[in-house]
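In this note's numbering, the protein residues as written are 57 to 119.
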């Protein structure tokens with residue numbers, strides 16, 4: 057029998073770890089800045105573009 061509560065807790069923890077990496081990891085912030093995304097704002101770019109999948113850079117810039 058599947059323990060859905062335990063599975064949900066594990067998924068929640070993994071999601072929080074990923075969000076933490078995107079928002080607060082100094083290396084991730086530096087990589088975004090190298091791409092021209094200033095002041096650690098890469099997390100918002102990631103959240104907004106991730107659902108679009110593999111798209112052209114022009115479409116990403118327009119989004």
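No residue lacks a Cβ here, since even glycine has one placed at the ideal position from N, Cα and C.
Cβ-Cβ distance between residue i and residue j below 7 Å
i: residue 105; j: residue 118; result: no
Inter-residue CB distance, residue i and residue j (contact presumed, cutoff 8 Å)
i: residue 98; j: residue 84; result: 7 Å
Proximal residues to residue i (C-beta, below 8 Å), its chain only, five neighbours per side dropped
i: residue 61; result: none
Entirely within the stretch 61 to 117 and at least 4 residues each: give me those alpha helix (DSSP H) ranges in chain order.
Here the runs fully enclosed are 82 to 90 and 98 to 105.
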